[in-house]
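Inspection log for the structure reproduced underneath, given as structure tokens.
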Amino acid sequence: MEEEMWRTEENNPQVTVSQTPGDRQSARPQIEDMQWPNGEIEIPSSVCSLPCRTGERKKTVKGMPCCWHCEPCDVIPVFLAMLGIIATIFVMATFVRYNDTPIVRASGRELSYVLLTGIFLCYIITFLMIAKPDVAICSFRRIFLGLGMCISYAALLTKTNRIYRIFEEGKKSVTAPRLISPTSQLAITSSLIAIQLLGVFIWFGVDPPNTIIDYDEQKTVNPDQARGVLKCDITDLQIICSLGYSILLMVTCTVYAIKTRGVPENFNEAKPIGFTMYTTCIVWLAFIPIFFGTAQSAEKGLKKGVQLQGLKKGVQLQGLKKGVQLQGLKK
């Protein structure tokens with residue numbers, strides 16, 4: 002009887018795993034007698050990386066395109082979006098409750114509701130950005146990506162333009178300027194928003210929404226081992242163009258905010274709007290280089306989610322400030 006000796010690890014002693022009478026060629030190791038690293042009993046999987054579980058995402062290993070690490074998904078954009086939605090609903094409910102008070106009427110309640118609607122849509126886009134891409138999700142991304150900000154900036158631009166025209170006309174005559182009634186203000190705001198929607202519908206006609214699998218981020222020498230990322234067929238240039246109209250409204254609103262910075266403090270919201278637009282411009286200046294400087298689309302999605310939240314904070318201060326004032330009326 003001969004014993005067949007097998008060495009399982011460099012520092013482990015030899016272990017007898019089989020015995021055979023005479024013929025060494027017929028020796029076969031017994032799997033159950035094998036010693037695996039870390040004292041494991043089950044046979045380890047012969048793969049580079051295991052599939053990630055729910056709530057985890059793949060992070061590729063540099064120099065090893067076929068391997069990845071599983072790490073928990075970031076919840077910061079979702080957390081910020083949920084806080085923003087709750088705060089927006091709170092402010093909107095407060096406005097509805099005190100709808101006929103002087104503070105709400107003086108702030109232009111019609112445009113305030115439009116502004117709050119735009120802010121609400123801005124937070125909703127976060128969930129579309131992190132959802133699994135398909136034709137429907139990609140379509141909604143195109144629509145709501147710039148729509149929420151367009152609605153918000155259109156309302157603010159209409160407000161600042163109204164304040165500017167009232168004071169400029171007051172310097173020349175006692176006659177009130179045209180198109181300052183609530184109905185006229187809503188018509189102007191709707192016209193500005195319609196331009197954004199028209200551009201989106203033209204985009205739909207020229208380039209229908211669909212999904213693609215991007216292999217550029219995880220290139221491999223062997224094509225059979227290629228790994229792709231499912232994403233919407235939207236280029237960085239198209240994203241910037243979609244946001245371009247909102248940027249134009251923001252810049253125009255900032256110009257009017259500068260022109261109306263000398264109005265009395267108790268006249269509507271001229272100075273708070275000015276502060277909002279200054280901070281928003283700073284955030285936008287940080288958003289564009291960060292977005293284009295990020296290589297991977299997954300990281301870009303996170304950057305877009307976080308940055309879009311930052312773009313709303315200053316705007317939402319308008320409603321929060323007014324909501325606190327209205328709550329103070331009760332006391």
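Note that our numbering has the sequence shown beginning at 2, numbered continuously upward. All residues carry an ideal CB built from backbone N, CA and C; glycine is no exception.
Item: Distance between K272 and E170 (C-alpha atoms, nearest Å); Value: 19 angstroms
Item: Endpoints, beta strand (DSSP E) assigned at K59; Value: E57 to V62
Item: Proximity of G206 and Y246 at Cβ, strictly below 9 angstroms; Value: no
Item: Beta carbon of L158 nearer than 9 angstroms to that of C254; Value: yes
Item: Test item: CB-CB of A132 and I138 under 9 angstroms; Value: yes
Item: Cutoff 7 angstroms; reference P178; Cβ partners in own chain excluding five residues on either side; Value: R166, I167 and E170
Item: Per-residue DSSP class, three states only, for Q310; Value: Because the pLDDT of Q310 is 49, which lies under 50, any placement of that residue in the model is unreliable, and the number read from its coordinates should be weighed accordingly. DSSP places Q310 in helix when its eight states are reduced to three.
Item: Stretch-stretch touch, CB-based, cutoff 8 angstroms, three pairs: the segment 107-122 with the segment 180-197; Value: yes
Item: Reduced DSSP secondary structure (H/G/I, E/B, other) of I167; Value: helix
Item: P210 to P73 span [Cα, whole Å]; Value: 30 angstroms
Item: For W285, three-class secondary structure by DSSP; Value: helix
Item: Bridge partner(s) assigned by DSSP for W69; Value: T61
Item: Beta-bridge partners of T212, as assigned by DSSP; Value: C233
Item: Exposure of L238, with buried meaning 16 or more beta-carbon neighbours within 10 Å; Value: exposed
Item: Rounded C-alpha distance that separates T127 from P78; Value: 7 angstroms
Item: CA nearest to the CA of T55, picked from C71, S46 and I42; Value: C71
Item: Member of V256, R142 and M93 whose CA lies at the smallest distance from the CA of L129; Value: R142
Item: Which listed residue (G275, A287 and F202) has its alpha carbon closest to that of S243; Value: F202
Item: Proximity to A155 [Cα-Cα], best of L198, D135, S174 and P134; Value: L198
Item: Alpha-carbon to alpha-carbon, V105 and L303; Value: With a pLDDT of only 44 at L303, under 50, the local geometry of the prediction cannot be trusted, and no value is derived from it.
Item: A258 burial status per 10 Å Cβ neighbour count (16 or more: buried); Value: buried
Item: Local conformation of A132 per DSSP, three classes; Value: coil
Item: Closest by C-alpha distance to P290, when choosing among M35, I241, E43 and L249; Value: I241
Item: Helix, strand or coil at R106 according to DSSP, with G and I counted as helix; Value: helix
Item: Environment of Y216 [buried if 16+ CB atoms lie within 10 Å]; Value: exposed
Item: Span of the alpha helix (DSSP H) around Q186; Value: P183 to V207
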